[in-house]
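Here the structure is laid out as structure tokens; the discussion comes afterwards.
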Amino acid sequence: MEGTGHAVCLGPDVDTDLIIAGRYLRTKDRSIWAEHVLEDYDPALAPRLRGAVIVAGKNMGCGSSREQAPVALREAGVVAVIAPSFARIFFRNAINVGLPAIECDGLPCTGGECVSFSLDEGWVETGGIRYPARPLSGRMQEILDAGGLVNYWREKA
Amino acid sequence: MTTLAERILDAPAGAYVDRNVDRAFAHDGTGVLALEAFREMGKKVPAYPERISILFDHLAPANNSQTATLQAELREFAIECGLHFSDVGEGICHQLMSEGQVLPGEIVVGADSHSCTAGAFGAFATGVGATDMAAIWAGGSTWFRVPETTGIHLEGTLAGCAEAKDIALTYVGRLGMDGATYRALEFTGEGAAGIPMDGRLTLSNMAIEAGAKTGLFYADAITRQYLAGYGHDVSEQVPDDPDYAEEITIDLADVAPVLSVPHRVDTVAEVTAYEGTPLDQVFVGTCTNGRYSDIERFASLVRGKKVKTRTIVVPASRDVLLRAGRAGLLTDLIEAGCIIGSPGCGPCLGMHMGVLGEGEVALSTANRNFRNRMGVGAEYYLGSVATAAASALAGEIRSPEVL
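The listed protein sequences correspond, in order, to chains R and S. For what it's worth, the numbering used here labels the leading residue of the first sequence as 1, then goes sequentially. For what it's worth, the numbering used here labels the leading residue of the second sequence as 1001, then goes sequentially.
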């Protein structure tokens, strides 16, 4: 899988409560999650996420198992999330809902610059420099390639 | 040699394995999404309904007709498919799982991050998201990467007013919020052996706050005795000189009453450093500290006195509530000025009942103090039951040493 987008920078330890607050979880309407995604982190952020590659700090997505967090990012138009490390449940959830989560160390972020990635070749590129990305496990790669765990299961069936 | 995680998953750390799941559970918050994904997978009936539980706890009872409608759909599915079903008022999923539903050596997966709580029984218990849960409903198994393990060696015994919660906050503070990411925790040593089951559940519960997949205790005489109370005769697990990726040692005699300070669980300080901070609310409950021994301790400390700030007590299950009622603890709490909530997650996740207002400050026995979680613009500290009691009586943060 390959992609490109404009960088949106987030700090370290962004928890799932910050990504989508509990008060918006009383629904199955994904457009509501997209509208309010990252609202408690920065209320101006949601409209800038269409076509964005999020470049986050360490431990991205810590906290709750709420899958609405990666779904909200995906629905808001985020192309991929890149971080030096992810909280385990968020990482798995992101792949399961078809949102590329890429582990990459040392990626600089100023905001707005172009970021490209190739999961197949294992790199992230920005400012003309390529940074190595840690490969996904075979299973996670298959799930992501299928567009998420639901499609992976459908294909298996 | 092997860690407990390696032993249960039957593969070395780093390996990817597919394993059948002995118990799988979801609550009203995640089960609705899991059901949607399950249906999108083209499935109608789970493969192993007898292994699946649905427990309503996050918005229990429903706070508006929208959530009631979502719960109704999941309730109908659970009953029609013959799943284990606990309706509103039965209690928090992790507490109910700890009431004889999880056994040592099992693989337990819950659609909630604090599913690691059941690691206290020597079960590989971990949290997943809703779509992962749907796939488990569909096929009865899932994949795991066998984690490396951080050994937490507990020496000595607790002194003064310190509780298991203070140990939990201390280790999360030591490791940091991502200090055990992709790992299991193992609590070992004479200090661990001396902690009763309720305290072990508190320590395992907070493993996720250091990023860990699960927080394991070896099943021992205490585990056997506890589960015998639910009619189970289980074998003990003995450590096999496990190979740890990292080890830390905590002398329990050095553990003081501590707080997690807003807005990070790993920002831990002694309670005395924050004494005098005015409080708008104290909350006792949750899957961390809503067990019978917690309610009993809190009631024993506030009995015959009056709280000076609004104080919400939520027993973690119907069993806890019943026992507290029979023991007269509820009367003690109500006479002391506390509010009793129905068993469930209550104010912990800020969705209903006890949500904080802007600028308000609270002390909670829960496991997370992320910004805005319990209410937009609010601040809250995490502490032990005894710290909550001392603080509720003072109307401000107060060390339990004064009681």
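No residue lacks a Cβ here, since even glycine has one placed at the ideal position from N, Cα and C.
Cut-off 7 Å between Cβ atoms - residues of its own chain near Met-1 (chain R), not counting five sequence neighbours on either side:
Pro-100, Leu-119, Asp-120, Leu-144, Asp-145
With 8 Å as the threshold, decide whether the Cβ of Gly-147 (chain R) is near any Cβ in chain S.
no
Closer than 7 Å, Cβ to Cβ, to anything on chain R: give me those residues from the stretch 1162-1182 of chain S, in chain order.
Met-1177, Asp-1178, Thr-1181, Tyr-1182
In whole angstroms, give me the CA-to-CA distance for Ser-1384 (chain S) and Gly-1129 (chain S).
29 Å
By the criterion of Cβ-Cβ separation under 7 Å, what are the contact partners of Ala-21 (chain R) in chain S?
Ordered by position in chain S, the residues that pass the 7 Å Cβ test against Ala-21 (chain R) are Asn-1372.
Integer-rounded CB distance, given that Arg-1200 (chain S) should sit under 8 Å from Ala-1120 (chain S)
Distance from Ala-1120 (chain S) to Arg-1200 (chain S) at the Cβ level is roughly 4 Å; contact confirmed, criterion being Cβ atoms closer than 8 Å.
Grouping DSSP H, G and I as helix and E and B as strand, with all else coil, what is Val-81 (chain R)?
DSSP places Val-81 (chain R) in strand when its eight states are reduced to three.
Within 10 angstroms of its Cβ, does Asn-1372 (chain S) collect 16 or more other Cβ (buried), or is it exposed?
buried
At the level of alpha carbons, what is the spacing between Arg-74 (chain R) and Ala-94 (chain R)?
9 Å
Hey, out of R:Leu-45, R:Ala-21, R:Val-14, whose CA is closest to His-6 (chain R)'s CA?
The candidate whose alpha carbon is nearest that of His-6 (chain R) is R:Leu-45.
Which residues bound the beta strand (DSSP E) around Thr-177 (chain R)?
Because chain R is modelled from 1 through 157, residue 177 (chain R) falls outside the range shown and cannot be assessed.
For Arg-134 (chain R), would you say it is in contact with chain S, using Cβ-to-Cβ distances shorter than 8 Å as the test?
no
Closest Cα partner of Ala-1037 (chain S) within the set S:Ala-1111, S:Ile-1208, S:Ala-1228, S:Val-1146
S:Ala-1111
Measure how close the beta-carbons of Cys-1287 (chain S) and Thr-1117 (chain S) come, nearest whole angstrom, since I'm counting them as under 8 Å.
With a Cβ gap of about 6 Å, Cys-1287 (chain S) and Thr-1117 (chain S) count as contacting.
Backbone CA spacing between Gly-1189 (chain S) and Pro-84 (chain R) [nearest angstrom]
34 Å
Cutoff 8 Å: Arg-1368 (chain S) Cβ touching any chain R Cβ:
yes
Within chain R, partners of Tyr-1016 (chain S) - CB distance below 7 Å
Ser-137, Arg-139
Spatial neighbours of Lys-1305 (chain S) in its chain, beta-carbon cut-off 8 Å, leaving aside the 5 residues before and after
Excluding residues within five positions, the ones whose Cβ falls inside 8 Å are Ala-1336, Leu-1393.
Show which residues of chain R have a CB atom less than 7 Å away from the CB atom of Glu-1036 (chain S).
Lys-28
Assuming contact is defined by CB atoms lying nearer than 8 Å, are Val-1271 (chain S) and Leu-1279 (chain S) in contact in what I supplied?
no
Distance, Gln-1281 (chain S) Cα to Ala-21 (chain R) Cα
21 Å
Between Asp-42 (chain R) and Lys-1044 (chain S), what straight-line distance do the alpha-carbon atoms span, to the nearest angstrom?
Their backbone Cα atoms lie some 40 Å apart in a straight line.
Check whether the Cβ of Gly-63 (chain R) lies closer than 8 Å to any Cβ atom in chain S.
yes
Within the same chain, show all residues whose beta-carbon is closer than 7 Å to that of Val-71 (chain R), passing over the 5 residues directly before and after it, in chain order.
Arg-30, Trp-33, Val-97
Within 8 Å of any Cβ in chain R, is that where the Cβ of Trp-1137 (chain S) sits?
no
Excluding the 5 residues preceding and the 5 following Tyr-131 (chain R) in the sequence, name in chain order all residues of the same chain whose CB lies nearer than 8 Å to its CB.
Cys-104, Asp-105, Gly-106, Leu-107, Trp-123, Val-124, Glu-125
Can you give me, in chain order, the residues of the stretch 1103-1135 of chain S that have a beta carbon less than 7 Å from any beta carbon in chain R?
Within the stretch 1103-1135 of chain S, those residues whose Cβ lies closer than 7 Å to any Cβ of chain R are, in chain order, Ala-1111, Asp-1112, Ser-1113, Gly-1127, Val-1128, Gly-1129, Ala-1130, Thr-1131, Asp-1132, Ala-1135.
Closer than 8 Å, Cβ to Cβ, to anything on chain R: give me those residues from the stretch 1053-1079 of chain S, in chain order.
Leu-1059, Asn-1063, Asn-1064, Gln-1066, Thr-1067, Leu-1070
Can you give, in chain order, each stretch of the alpha helix (DSSP H) that sits fully within the stretch 1144-1177 of chain S and has at least 4 residues?
1164-1175
Ile-102 (chain R), enclosing beta strand (DSSP E) - first and last residue
101-103
Please list, in chain order, the residues of the stretch 88-109 of chain R that have any C-beta partner in chain S closer than 7 Å.
Arg-88, Ile-89, Arg-92, Asn-93, Asn-96, Val-97
Could you give the DSSP three-state label for Gln-1237 (chain S): helix, strand or coil?
coil
Where Ala-1024 (chain S) and Gln-1101 (chain S) are concerned, what is the direct C-alpha to C-alpha distance, given to the nearest angstrom?
11 Å
C-alpha gap between Ala-1273 (chain S) and Gly-1173 (chain S), whole angstroms
16 Å
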